[in-house]
Every structure is written in structure tokens, then in C-alpha cells.
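Below is one structure, written out as C-alpha cells; the observations come after it.
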Amino acid sequence: MLLLSTVFSSYAQEKNDGLPYPDLIPILENGLYGYCDKDKNIIIEPQFEGAAFFGEDLDFLDIKVPKKKIFGSSAYATVWQDGQRMRIDKKGNVVYQYNPDDFNEIRPKESINASIKQSYEKFQDDQTRLWGGARYSYKRGVDSCTIQYS
338 MLLLSTVFSS YAQEKNDGLP YPDLIPILEN GLYGYCDKDK NIIIEPQFEG
388 AAFFGEDLDF LDIKVPKKKI FGSSAYATVW QDGQRMRIDK KGNVVYQYNP
438 DDFNEIRPKE SINASIKQSY EKFQDDQTRL WGGARYSYKR GVDSCTIQYS
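If you count by this note's numbering, then the sequence shown holds residues 338 to 487, one letter each, in order.
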């Protein structure tokens, strides 16, 4: 319920600014996640080990099968169940279960400037289970790494 209170508190200010609430908000009850509406009515019963807001998943921009790209839209949310990452619709139906083979690999990118080489690596964080892309830049012997999650 702490998560639920925090979420509603943060959105309360947005409502005053005229911004809309999300249709469905993740809630945590008895160690499982589900979704409720802005009035705290449970819409999708708590059943998931993890849950994110309904929103775009940029991994789907790099999916091999164009018909599956729709599951990366904001009409779906990412949830975790039994160690599996999935996308669900607003009724709680699983519409896609992540399979790394469905996605293209991110290839190294060469910079226009020959003294700068950039490469990108796609990875899944062991703690958050989020997919990310790391950009490594090498210039004059200095290494830097910028990590971005989706």
C-alpha cells in the first residue's frame, strides 16, 4: 500500500495542474502487483511479481517481426511472472512473452569523426530485469559509459 500511496500523492499534484491520471496504476498487495484506476478500484487483480506503468517499450523498435511491434505501444504494460518478462493489455491478458531471439542485435556504430568510436551493447540488468543499452565512447584514451534503460 505504500507504493499505492506514493503513486497517488505524486499524481495528485499533476491533477491540480490539469494533467490526466494514467488509466491504470500499478499497486502492490501481499507481495504481488496488479493495477487499479485513479479511484483505487482494482481493475487487474494482483498476480504479478513485478509491474510497470502502461507505456512504450523501446525494445520493440528493434523487433524482427513487424506485426509484434504493436506490443511496444503505450496500450500495454510490462510485467514479470515466474521470472518471465511479459506485456499485458489493459484487461490483464498476456499478449507477448519476451524472447531475446525476436529482437535484432544492436550493432556497433562508427562515428563520423575517425578519432571517436562508439559502440552500443544491449543487456538485461540482473537486479531490475530492465533491458538497457550501454554506449561506450573511446577518445584519446578516456573511456566513458552511459547506460540507458527502457
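Think of the CB as a built atom: it goes at the ideal place given N, C-alpha and C, for glycine as much as any other residue. Fair warning: this is a prediction, and the values are worked out from it, not measured in the lab.
Helix, strand or coil for residue i, going by three-state DSSP, please let me know.
i: Leu365; result: strand
i: Gly371; result: strand
i: Ile379; result: strand
Which value, in whole angstroms, describes the spacing of the CA atoms of residue i and residue j?
i: Asp376; j: Lys406; result: 32 Å
i: Gly409; j: Asn436; result: 13 Å
i: Ile425; j: Asn441; result: 22 Å
i: Trp417; j: Ile400; result: 20 Å
i: Arg422; j: Asn430; result: 13 Å
i: Glu489; j: Ile379; result: Only positions 338 to 487 of the chain appear in this structure, which leaves residue 489 out of reach.
i: Gly420; j: Pro359; result: 26 Å
Over what stretch of residues does the beta strand (DSSP E) that includes residue i continue unbroken?
i: Glu386; result: Premise fails: Glu386 is in no beta strand (DSSP E) and is neither H nor E.
Complete alpha helix (DSSP H) runs within the stretch 394-450 (minimum length 4 residues, chain order): With a minimum length of 4 residues, no continuous alpha helix (DSSP H) run stays inside the stretch 394-450.
Any 3 or more C-beta pairs closer than 8 Å across the stretch 354-369 and the stretch 383-394: By the C-beta criterion, the stretch 354-369 is judged to be in contact with the stretch 383-394, since at least 3 inter-stretch pairs fall below 8 Å.
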